[in-house]
Amino acid sequence: APTLVWLRRDLRLHDHAALELACRDGAPVLLAFVFDTDILDALPRQDRRVELILEALLDLEAQLRERHPGLGLIVRSGRAREQIPELLQRCGAQRLVFAHDDDPFALARDQAVRAALPATVRVDSVRDVTVFERRELLTGQGRPYTVFTPYKKAWLRTVDAARVSERRPQLEHLAPSALAQGLPSLSELGFEATDLHPRFRGGATQAQALWAEFREQRLAAYADTRDFPARKGPSYLSPALRFGLVSVRELAREALGRPADEGAATWLSELIWRDFYHQVLHHHPGVVNGPLKPEYAAIAWEEGAEADTWFEAWCAGQTGFPLVDAAMRQLAQTGYMHNRLRMVTASFLCKTLGIDWRRGEAWFAQKLLDFELASNSGGWQWAASCGCDAQPWFRIFNPVTQSEKFDPKGLFIRRYVPELAPLSDAALHAPWEAAPLELGGVVLGRDYPAPLILHAEGRARTLARYGAVRGLS
Ligand code: FAD
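Counting with full-length UniProt numbering, you get residues 23 to 495 for the letters of the sequence shown.
Now the structure itself:
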């Protein structure tokens, strides 16, 4: 009887834990993907991620057909919890294999699928999304780590060649199936085309090209370039990691193999942050709804009509703070935002404007191509000082200083806020403070917003707001 591999966030054929496991015993292997309407129904009809997934599946289908014209993906649209049991039955499979996904929604879905299967079907699931997962790295006392640095040390001490070795599937066991009848189009799925950036199109094949370019040309310089949004510093691999177009093992293998390379070591740290936040979510699934540190649940955020207007201005990139606005427009226009700017915009929302970070988290979740519950929740709770190893509550990013430091010539700002292009470099970071001559004819309040609030005022309110709940735990 065949084995069914259920692809979810591992949309590639190489270095693939579930596929490797399925192919090991020599049974014929079929590949299935479900466009899960439990997820899709809630999305707007234009969603870049749906297009990204479809392109990744098209790429897989092409790779399969190249191996053998009879091969193909079995693609369904519907509720995964119904589709997967039905598919197993229709193809007579006696074994289901998939990779772990520890997002609480996915865990519940997988549980429902397992419960719907007859006892005769064997289900195997494997680690694939992270290098370490769940309870694999614990402190000497058997507790989960809550601080990053000791976690990272344990990660580096424990990782070995086997853990990051390639899971190379024996693809000759892939078998044709009458159920593999080609892919639906975007419109058949009920979605419309988007402006998804070419960098994120083309599935695993393109992701390999992006990874090769980063690895060969930019990784070594990462430590120096990563903080400057106008520079091509980071890898842009986060959407590929989100949907498994690359394997985290291949990335970690490369970085671990370059111990003398400062760029590779710094970048590896970021991959370890990713593992760290996944294990935080595993141990504290409550972070989905609220702060990890309970005392911060009592913070009195700004609410009401003014806060709503400010929130909308933040979403739209119309706060009057050029770096914040450029970043928010980058997110809206591309679905990606540079890491430094995620920190700046998150801090600006909750610590300058005093708006509940959960509203920002939800906005990022809608817009980010790489949206990942673990990292998004971790990043927001870091900025709002209420998560694991978060920044101290009294540390408040100054958006103007950040702008001067990380976009000194305003190259990034001018790219996304073109109406400010005529300003001098010096005036660009805080136009409201500039002498009229430096504004190059731009009128604040007409051509570009005046600041919603002065940072010093927001900062003072935040110190009071946080001060009021400190020490309650
Ligand atoms: P690179 O700098 O090339 O890093 C390589 C990879 O390491 C990334 O692709 C990512 O998988 C991982 N990584 C890097 N930084 C972090 C980090 N701080 N935490 C966890 N993993 C990291 N990342 C997401 O993947 N999804 C999210 O939803 C997400 N939301 C965030 C929200 C906030 C408020 C903040 C501050 C950060 C968030 N991050 C998120 C982390 C980080 O900003 C992105 O992973 C990174 O910007 C992706 O770009 P890149 O692939 O070019 O990164």
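For each residue, glycine too, the CB sits at the ideal point set by N, CA and C.
Is residue i buried or exposed, if buried means 16 or more other CB atoms sit within 10 Å of its CB?
{"i": "Pro421", "result": "buried"}
{"i": "Asp330", "result": "exposed"}
{"i": "Gln239", "result": "exposed"}
{"i": "Asp132", "result": "buried"}
{"i": "Ala472", "result": "exposed"}
{"i": "Asp246", "result": "exposed"}
{"i": "Arg31", "result": "buried"}
{"i": "Leu35", "result": "buried"}
{"i": "His477", "result": "buried"}
{"i": "Ser495", "result": "With a pLDDT of 38 at Ser495, under the threshold of 50, the modelled position of that residue is not reliable, and the figure given next carries that caveat. The residue in question, Ser495, is exposed, as its Cβ has fewer than 16 Cβ neighbours within 10 Å."}
{"i": "Arg436", "result": "buried"}
{"i": "Leu52", "result": "buried"}
{"i": "Thr367", "result": "buried"}
{"i": "Gly489", "result": "exposed"}
{"i": "Phe416", "result": "exposed"}
{"i": "Gly480", "result": "buried"}
{"i": "Lys373", "result": "buried"}
{"i": "Arg468", "result": "exposed"}
{"i": "Pro91", "result": "exposed"}
{"i": "Glu284", "result": "exposed"}
{"i": "Thr341", "result": "buried"}
{"i": "Thr484", "result": "buried"}
{"i": "Gly462", "result": "exposed"}
{"i": "Gly409", "result": "buried"}
{"i": "Phe127", "result": "exposed"}
{"i": "Leu353", "result": "buried"}
{"i": "Glu383", "result": "buried"}
{"i": "Val465", "result": "exposed"}
When you compare the CB positions of residue i and residue j, do they come within less than 8 angstroms of one another, or not?
{"i": "Leu290", "j": "Leu278", "result": "yes"}
{"i": "Arg381", "j": "Phe333", "result": "yes"}
{"i": "Asn361", "j": "Pro430", "result": "no"}
{"i": "Gly357", "j": "Lys315", "result": "no"}
{"i": "residue 496", "j": "Asp378", "result": "Missing from the structure shown is residue 496; the chain here goes from 23 to 495 and no further."}
{"i": "Arg280", "j": "Ala274", "result": "no"}
{"i": "Arg101", "j": "Asp69", "result": "no"}
{"i": "Val309", "j": "Ser399", "result": "yes"}
{"i": "Leu26", "j": "Ala115", "result": "yes"}
{"i": "Ser207", "j": "Ile96", "result": "no"}
{"i": "Gly40", "j": "Asp217", "result": "Here residue 40 is Ala; the residue named in the question, Gly, does not match the sequence. Cβ distance not < 8 angstroms, so Ala40 and Asp217 don't count as in contact."}
{"i": "Arg296", "j": "Ser397", "result": "yes"}
{"i": "Arg165", "j": "Val135", "result": "no"}
{"i": "Pro261", "j": "Leu371", "result": "no"}
{"i": "Phe222", "j": "Leu74", "result": "yes"}
{"i": "Leu293", "j": "Tyr258", "result": "no"}
{"i": "Pro66", "j": "Pro50", "result": "no"}
{"i": "residue 12", "j": "Glu158", "result": "The first residue shown for the chain is 23 and the last is 495, placing residue 12 beyond what the model contains."}
{"i": "Phe434", "j": "Ala338", "result": "no"}
{"i": "Asp81", "j": "Val119", "result": "no"}
{"i": "Val143", "j": "Arg117", "result": "yes"}
{"i": "Ser369", "j": "Phe419", "result": "yes"}
{"i": "Gly376", "j": "Arg487", "result": "yes"}
{"i": "Gly225", "j": "Glu77", "result": "yes"}
Output the boundary residues of the beta strand (DSSP E) element that contains residue i.
{"i": "Asp347", "result": "Not the beta strand (DSSP E): Asp347 falls in the alpha helix (DSSP H), residues 344-356."}
{"i": "Phe416", "result": "Unbroken run through Phe416: none, as it is neither H nor E."}
Ends of the alpha helix (DSSP H) at residue i?
{"i": "Thr367", "result": "361-369"}
{"i": "Ser399", "result": "395-405"}
{"i": "Ile435", "result": "433-438"}
{"i": "Pro261", "result": "260-264"}
{"i": "Val428", "result": "Sequence check: residue 428 is Phe here, not Val. First-last of the alpha helix (DSSP H) with Phe428: 421-428."}
{"i": "Val270", "result": "270-278"}
{"i": "Leu232", "result": "225-235"}
{"i": "Asp246", "result": "244-247"}
{"i": "Arg481", "result": "477-491"}
{"i": "Phe386", "result": "379-389"}
{"i": "Ala449", "result": "447-450"}
Going by the DSSP bridge assignment, what does residue i pair with across the sheet?
{"i": "Leu196", "result": "Val51"}
{"i": "Tyr470", "result": "Leu466"}
Taking only heavy atoms of the ligand PLP into account, decide whether any of them is closer than 7 angstroms to the Cβ of residue i.
{"i": "Phe386", "result": "By its list of ligands, the structure shown excludes the ligand PLP, since it contains just the ligand FAD."}
Residue ranges of each beta strand (DSSP E) run of no fewer than 3 residues wholly in the UniProt domain "Photolyase/cryptochrome alpha/beta" (23-153), ordered along the chain?
25-29, 51-58, 96-100, 117-121, 144-148
Any alpha helix (DSSP H) of 4 or more consecutive residues that is wholly inside the region 305-350:
327-338
Alpha helix (DSSP H) runs contained entirely in the region 153-182, provided each spans 4 or more residues:
170-180
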